[in-house]
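Written below as structure tokens is the structure these notes are about.
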């Protein structure tokens, strides 16, 4: 390996890092607020990418069907609850959140398919991902919100299979690569240039990380989320509704998933089941961050991206093994650092 | 006798079914049942490590894979007997599990499942990238297993071997969970402090379970390799591990019978959908996996505890009364108690700081053998901190603690417990779904030594009878002998505290340290407790009580130590302490 190759691999690795950083932020957000290890994150990103691909081919993206399906179920569940609580005054808000908002995203996507310029399609694809997060949460996770972390994790894994199954059914087994990318490259030397798409990805990660920082430190909503993350019961006692924070966390995370989807689809071929690997690698980053710290997650993402890029140069086949092997030193370190304070007694699952 | 006859009858019936089934059933049914048997073996291990031990593993399929590849490689390239392959597969799988477990079993909460997902994913990928293991195309031409002159080269001939091993594995697991080591495994979810107080190391218990689960997976992997005579990376992928986890959850996580039930329901349903759906729709296989996922979501939402539990309740009504073991004196080896009045525990200038706060400040006092000493003080006086310092739950900042003429400050809790200090907990730590007898038997753990293998093979009957005898003796002391087979969770709080004392006594301690034993007790129960502690004193036991309830301690103790704001303000006989102006000020305010 010479310096040029190292530079190219480094740039590629940083682009990967940026993607894992965005995904890692979403995963940590959902885990800290709801205790769910949200495996379907990658699937939502895949849905955004596949939707963009479908729109580019002039087809109505199947994600619309998915949203419609989940929205109907969610609406029915909400209405049953309203009936039970006799809280009909919440009806307009319910219809707005679970009915109209998802519908708007679908309508935009529909319009962008036939008329829109490329940029609008990208936005429509991201917006299609956004309702998926809260809808999936409402339908599948909220009813078991009090279950153990294991049950929640299994539910999340089942959801991954459900979503990738639907992806196969509606988008088919073919891989898709979208066209919506920034062309051109930033030529630094004879043998080394950085694609604008890579720069865009890195810039997006920086911006989102900064937005996360400001959002959590400065806004009221950010403080509410932090309060829920640090102490659920305490947060409830001061009047924070866990459902509300879960809704916010899932919306934000789904937005991040959508952004990840449109950022990677021009550079990587996306299949209906690409989501699991994407999500799991972001998890490796999140685990390095202890599933709680955003700055450490960022560090983890940089490590995962760089290791992946260099590993694929040395041995394409063993790339994934090496990335997941990265966990071993991290876990040893963590297990060494763990203070042996008594964990609270676990619930029987 | 009756129960023994029934067990023998059940066994004979099972053997008859195993012998007859492959002759009576069609080929597809036999193959399906073979697969269910293999899955049951894996899930049995999973129930042990995850359901019972609480260490979630998404890597069982990888262990199956290590074993399958190990035997496949050895029998094809070295042309040795598959039985040697079994030994090699077990050895390799268990070593890998030990290595991985040693790294991950200390991790709490969600790290463990995530790390198992990581290596569950990485290992099968590794198989697919090693040329010696046939890369992605796998290894073929694996020889069948031979039993004497009999070659098990058909699905029908594999069937009895698979199901005999399932039966044996189930029998081993059931015995194990009833044995000395099994009880500690079932106590694992009570937390590290509980296990340490019983003289056991939670990390080692969990690691043992993990390796045991891998051994079950290894047997399944060995059977798989020689039943299919071909191995490739796909059946050992993360996906398969997740499926095993589903089977466990469907069957009910903490029941061994759930392993069979879950595997059967899962594989049966999978088979059915794959069979039926393509006839309904052209994209049947895709739709069937969707329906599958939906059914599981519904099961998680509607029957979160698995299908095994309602079934067990049904069976529970049929079960007959278990006989009560007889209480036995001197059933287990006993410790020599030190001479009455000799120095037992000496606390010397003990200090504990939390950051800037000094919770315990240069406290010194002695406890002599055969006396009951009360440690009292208002809220926040540092009683509980001092308690934790003595039992090793917290490290000291400064000072010395000597017990039986040896320094114990800085020793781990487990070591302190083993030296003869037994404790109870302010927030009761009982295993609510174990019986009273089993809970008390936990206390006798360190006085007995039957290990995993003897427990699983029922070679521990003699020692088990002694443990049960000792546990019954302690239960009689607290007046609960007639409820020995009730679940601890069914007791009211006050009685649970008594049960904790019985558990502590079963450890045959020299010193017993009670953390607020009277809290939540009714008057009658308090009187019962006082008379119990009086008896103990008469027998030569030393008791240190941390207590809030002044009335309770005044009538009981020989000596009182009073703490306030982390310092000792007074020490002496109860009437002296009651008269002390400083104590009155501390309890009633400075003007009293």
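Residue numbers (my numbering), protein chains in the order written: chain D, -8 to 340; chain L, 714 to 1305. Ideal Cβ positions, reconstructed from N, Cα and C, are used throughout, including at glycine.
Residue closest to residue 1160/L, alpha-carbon to alpha-carbon, out of 1284/L, 777/L, 1213/L, 1218/L: Counting from one through the second chain, the residue named residue 1160/L turns up at place 447. Minimum Cα distance to residue 1160/L is reached at 1218/L.
From 1144/L, 1203/L, 1220/L, residue whose alpha carbon lies closest to that of residue 1130/L: In the second chain, the residue the question calls residue 1130/L occupies position 417. For the residues 1144/L, 1203/L, 1220/L, the minimum Cα distance to residue 1130/L belongs to 1220/L.
Cutoff 8 Å: residue 1024/L Cβ touching any chain D Cβ: Stepping through the second chain from its first residue, residue 1024/L is reached at position 311. Chain D, which has no Cβ nearer than 8 Å to the Cβ of residue 1024/L, makes this no.
Contacts of residue 325/D in chain L (Cβ-Cβ under 7 Å): On the first chain, residue 325/D is found 334 positions in, with the first residue counted as 1. Within chain L, the residues near residue 325/D are 820, 824.
Residue 850/L CB to nearest heavy atom of the ligand NAP below 7 Å: The ligand NAP is not among the ligands present in this structure, which contains no ligands whatsoever.
Buried/exposed call for residue 720/L, threshold 16 Cβ in 10 Å: Locating residue 720/L in the second chain gives position 7, where the first residue counts as 1. When all chains shown are included, residue 720/L counts as exposed.
C-beta neighbour in chain D for residue 805/L, strict 8 Å: As a working note, residue 805/L is residue 92 in the second chain. Answer no: the Cβ-Cβ gap between residue 805/L and chain D never drops below 8 Å.
Rounded distance between the beta-carbons of residue 946/L and residue 841/L, thought under 8 Å: As a first step, residue 841/L is located in the second chain; it is residue number 128 there, counting from the start. As a first step, residue 946/L is located in the second chain; it is residue number 233 there, counting from the start. Confirmed, about 4 Å.
Reduced DSSP category for residue 1278/L - H, G, I as helix; E, B as strand; rest coil: Here the question's residue 1278/L lines up with position 565 in the second chain. It is coil, neither helix nor strand.
Of the residues 747/L, 746/L, 767/L, 836/L, the one placed nearest residue 782/L, counting alpha carbons only: Mapped onto the second chain, residue 782/L falls at position 69. Checked all of 747/L, 746/L, 767/L, 836/L; the closest Cα to residue 782/L is 836/L.
CB contact below 8 Å: residue 1002/L versus chain D: Taking the first residue of the second chain as position 1, residue 1002/L is located at position 289. Chain D, which has a Cβ nearer than 8 Å to the Cβ of residue 1002/L, makes this yes.
The alpha helix (DSSP H) enclosing residue 231/D, as first and last residue numbers: The residue given as residue 231/D occupies position 240 in the first chain. First-last for residue 231/D: undefined, no H or E at that position.
According to DSSP, residues forming a beta bridge with residue 1228/L: The sequence position of residue 1228/L within the second chain is 515, counting from 1. Beta-bridge pairing links residue 1228/L to 1259/L.
Buried or exposed (CB count within 10 angstroms, at least 16 for buried), residue 1052/L: The residue given as residue 1052/L occupies position 339 in the second chain. The residue in question, residue 1052/L, is exposed, as its Cβ has fewer than 16 Cβ neighbours within 10 Å.
Bridge-paired residues (DSSP) for residue 1198/L: As a first step, residue 1198/L must be located in the second chain, where it is residue number 485. Answer is none; residue 1198/L lacks a bridge partner.
Contact list for the region 948 to 964 of chain L against chain D, Cβ threshold 9 Å: 951, 952, 955, 958, 959, 962
Interface partners of residue 138/D on chain L, CB under 8 Å: Stepping through the first chain from its first residue, residue 138/D is reached at position 147. Chain L residues near residue 138/D: 1013, 1017.
Endpoints, alpha helix (DSSP H) assigned at residue 187/D: On the first chain, position 196 is the one that residue 187/D refers to. 187 to 209 is the extent of the alpha helix (DSSP H) around residue 187/D.
Length at least 4, wholly inside the region 1108 to 1185 of chain L: the alpha helix (DSSP H) runs in chain order: 1126 to 1131, 1149 to 1156, 1165 to 1169
Collapsed DSSP secondary structure at residue 859/L in the structure displayed: The residue you call residue 859/L lines up with position 146 of the second chain. Strand.
DSSP three-state assignment for residue 966/L, whether helix, strand or coil: Walking along the second chain from the start, residue 966/L turns up at place 253. If DSSP states are grouped into helix, strand and coil, residue 966/L belongs with coil.
Where residue 1041/L sits in the DSSP three-state scheme: Position 328 of the second chain, counted from the start, is the residue given in the question as residue 1041/L. Coil at residue 1041/L, not helix or strand.
8 Å contact criterion, which residue 58/D and residue 123/D should meet: CB distance rounded: As a first step, residue 58/D must be located in the first chain, where it is residue number 67. As a first step, residue 123/D must be located in the first chain, where it is residue number 132. About 6 Å; that satisfies the 8 Å criterion.
Per-residue burial, residue 1290/L [other beta carbons within 10 Å of its own, 16 or more giving buried]: Translated into positions along the second chain, residue 1290/L becomes position 577. With 16 or more Cβ atoms within 10 Å of its Cβ, residue 1290/L is classed as buried.
Whole-angstrom distance between residue 1139/L and residue 229/D, CA atom to CA atom: Locating residue 229/D in the first chain gives position 238, where the first residue counts as 1. Locating residue 1139/L in the second chain gives position 426, where the first residue counts as 1. In a straight line, the C-alpha of residue 229/D is about 28 Å away from that of residue 1139/L.
Those residues which DSSP pairs with residue 178/D across a bridge: For the purposes of this step, residue 178/D is identified with residue 187 of the first chain, where counting begins at 1. Paired residues: 184/D.
Nearest to residue 882/L (by Cα), restricted to the options 839/L, 931/L, 910/L: In the second chain, residue 882/L corresponds to position 169, counting from 1. Looking at the Cα atoms, 931/L is the closest of the given residues.
Limits of the unbroken beta strand (DSSP E) element including residue 1061/L: Translated into positions along the second chain, residue 1061/L becomes position 348. Residue 1061/L -> beta strand (DSSP E) spans 1056 to 1067.
Residue 831/L and residue 203/D closer than 8 Å at C-beta: Counting from 1 along the second chain, the entry for residue 831/L is found at position 118. Counting from 1 along the first chain, the entry for residue 203/D is found at position 212. Cβ distance not < 8 Å, so residue 831/L and residue 203/D don't count as in contact.
Cutoff 7 Å; reference residue 903/L; Cβ partners in own chain excluding five residues on either side: Start at 1 with the first residue of the second chain, and residue 903/L comes out as number 190. Only 1142, 1144 meet the Cβ criterion.
Buried versus exposed call for residue 320/D [16 or more other C-beta atoms within 10 Å across all chains shown]: One-based indexing of the first chain puts residue 320/D at position 329. Exposed is the call here.
N- and C-terminal bounds of the beta strand (DSSP E) containing residue 1088/L: As a working note, residue 1088/L is residue 375 in the second chain. Segment 1085 to 1089, the beta strand (DSSP E) holding residue 1088/L.
Beta-carbon proximity list for residue 240/D, same chain, < 7 Å, skipping 5 on both sides: What you label residue 240/D is simply residue 249 of the first chain in a count that begins at 1. Cβ neighbours of residue 240/D beyond the five flanking positions: 20, 21, 24, 25, 216.
Residue 1289/L at chain D interface by Cβ criterion, 8 Å: What you label residue 1289/L is simply residue 576 of the second chain in a count that begins at 1. By this cut-off, residue 1289/L is not an interface position.
Counterpart residues of residue 1070/L in DSSP-defined beta bridges: Taking the first residue of the second chain as position 1, residue 1070/L is located at position 357. Looking at the DSSP assignment, residue 1070/L forms a beta bridge with 1067/L.
Interface flag, residue 816/L vs chain D, CB-CB below 8 Å: The residue you call residue 816/L lines up with position 103 of the second chain. With 8 Å as the cut-off, residue 816/L counts as an interface residue toward chain D.
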